[in-house]
Amino acid sequence: MHASGYVLRIATRAWVNNVFDMAIYYTNLRRKWKVGQAIIFVHRTENGDAIVGHGVVENACEREELSEEEKGKNAMPKWKRAILFKYVIRFNKPLPTRETFLGDPKFRGRYCHGIALNKEQIDRIIAQAESLQPRRNQKA
């Protein structure tokens with residue numbers, strides 16, 4: 000199966016902020032990262048694991064290929080690969096994973112990290128998460 004994207008479970012609040020501030024994720028996870036793949040970001044919130052945002056892969060490269068700035072001051076010390084994103088979108092209201100197919104016990108916690116997703120699964124998760132987001136005031 001060719002994955003249209005993956006789930007990345009981000010362990011700490013600082014790393015969540017880093018992903019959304021810099022549009023880069025540092026990992027040792029071995030996957031076939033491709034330009035254009037969608038990534039669903041999961042993080043543990045006060046209400047359990049939740050989908051906190053998503054992004055689209057622009058490039059994935061080895062540590063040696065990056066500039067010192069891109070290597071990041073807050074990156075994990077032992078990462079081997081950096082995933083750079085075309086864009087990342089952070090949800091104001093995270094979607095609890097238990098309200099999606101990721102709520103299945105076999106995907107709980109660290110077992111969620113690196114799950115391959117097809118296009119239908121990605122579209123369904125993003126649509127479900129976007130439906131929870133506050134609407135901006137629109138003038139009639």
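With numbering that gives the first Met the number 0 applied, the sequence shown corresponds to residues 0 to 139, in that order.
Yeah, the Cβ is synthetic: ideal placement off N, Cα and C, and Gly gets one too.
What distance in whole Å lies between the Cβ atoms of residue j and residue i, which are believed to be in contact at a cut-off of 8 Å?
i: serine 3; j: asparagine 91; result: Actually they are not in contact, since the Cβ atoms of serine 3 and asparagine 91 sit about 25 Å apart, beyond 8 Å.
i: valine 15; j: histidine 112; result: The Cβ separation is near 14 Å, so there is no contact.
i: phenylalanine 19; j: valine 55; result: Not really, about 14 Å apart at Cβ, beyond 8 Å.
i: isoleucine 38; j: isoleucine 124; result: Not confirmed; about 11 Å, so no contact.
i: alanine 128; j: isoleucine 50; result: 5 Å
In or out: residue i buried (at least 16 other Cβ within 10 Å) or exposed?
i: aspartate 48; result: buried
i: threonine 99; result: buried
i: glutamine 132; result: exposed
i: arginine 8; result: buried
How far does the alpha helix (DSSP H) with residue i in it extend, from its first residue to its last?
i: arginine 12; result: 12 to 21
i: lysine 118; result: 118 to 131
To which residues of the same chain is residue i closer than 8 Å at the C-beta, ignoring the five residues directly before and after it?
i: arginine 12; result: His42
Short of 7 Å in beta carbon distance, which residues of its chain neighbour residue i, apart from the five on each side in sequence? Order them along the chain.
i: lysine 33; result: Val56
i: glycine 52; result: Phe19, Phe40, Val87, Ile88, Arg89, Phe90
Kindly indicate the opening and closing residues of the beta strand (DSSP E) around residue i.
i: arginine 146; result: Residue 146 lies beyond the residue range present for the chain, which begins at 0 and ends at 139; the question has no answer from this structure.
i: histidine 42; result: 37 to 44
i: isoleucine 50; result: 47 to 61
i: valine 87; result: 80 to 95
At least 3 beta-carbon pairs within less than 8 Å: the segment 95 to 109 vs the segment 43 to 60: As far as the Cβ criterion goes, the segment 95 to 109 touches the segment 43 to 60, which means the pair count is three or higher.
Touching by the beta-carbon criterion (3+ pairs, under 8 Å), the segment 13 to 28 and the segment 78 to 87: Yes: the two stretches touch, three or more of their Cβ pairs being nearer than 8 Å.
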